[in-house]
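All remarks here apply to the structure that follows.
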């Protein structure tokens, strides 16, 4: 059991490289806990759904190389930052944050992503069956950063016709979408940073919002050619942005 007197003011807890640790103390995590990090604990049992109290203050959860992780605690309503990396046993999508290299994940939670989410990164979740139009991104009114890497190999246009992005977005990163041919981001009136890499078939940016401050294009040969000064095809449409970087093939 967790001792109230010793944990009642605990705000930060880091459990790192504890190969002999097999279980958590019984009881709930302290409601004052704001930041929890667990990494390289290969024998630690999975977190349970009832570990987190209803009045939890937890807003940052970091889980790395935690092979026995199957599920996440409920009541993560205050969560703002979540990173899950190389947790191959995870069976359901978390309620927000970064998730990378977790092949067991195939769906989003039915109740949607955490409404307080400010940053979302989805990377290399090959078995995710939930289409981007079902993510409910448009209701995440605090979301400022969106990163999609090595996902949706058949997607031709981003966002697609059924997907609405929140106008709160200030940064978008897209990497490794092999079939992507066009982007339509003109309605994102707060967008400041757009980074595109390893999208070999991307050929159209349509009109970009005037708020954009930094545009980076890397290893996307068709788009690189169309945006070059020499080609002058797209250059007049992007030349006014303060920072432009076009590199790679």
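Residue numbers (UniProt numbering): 1 to 249.
Every residue, glycine too, gets a C-beta built ideally from N, C-alpha and C.
### Query
Is the distance from the Cβ of residue 120 to the Cβ of residue 143 below 9 Å?
yes
### Message
Beta-carbon within less than 7 Å of residue 9's beta-carbon, same chain only, minus the 5 sequence neighbours each way: which residues are those?
### Response
32
### Under 9 Å between C-beta atoms of residue 37 and residue 13
yes
### Query
On the three-state DSSP scale, how would you describe residue 245?
strand
### Query
DSSP puts residue 70 in a beta bridge; with which residues?
None; residue 70 has no bridge partner.
### Query
Quick one: Cα of residue 184 to Cα of residue 167, how far?
13 Å
### Task
Provide the residue(s) that pair with residue 173 in DSSP beta bridges, ordered along the chain.
147, 195
#### Entry: Secondary structure of residue 50, DSSP reduced to three states
coil
### Task
Please determine, among 11, 84, 45, the residue with the shortest C-alpha to C-alpha distance to residue 20.
45
#### Entry: C-alpha gap between residue 218 and residue 115, whole angstroms
32 Å
### Message
Once the 5 residues before and after residue 191 are set aside, which same chain residues still bring their CB inside 7 Å of it?
### Response
169, 170, 172, 185, 209, 211, 212
### Query
Rounded to a whole number of angstroms, what is the C-alpha to C-alpha distance between residue 227 and residue 176?
19 Å
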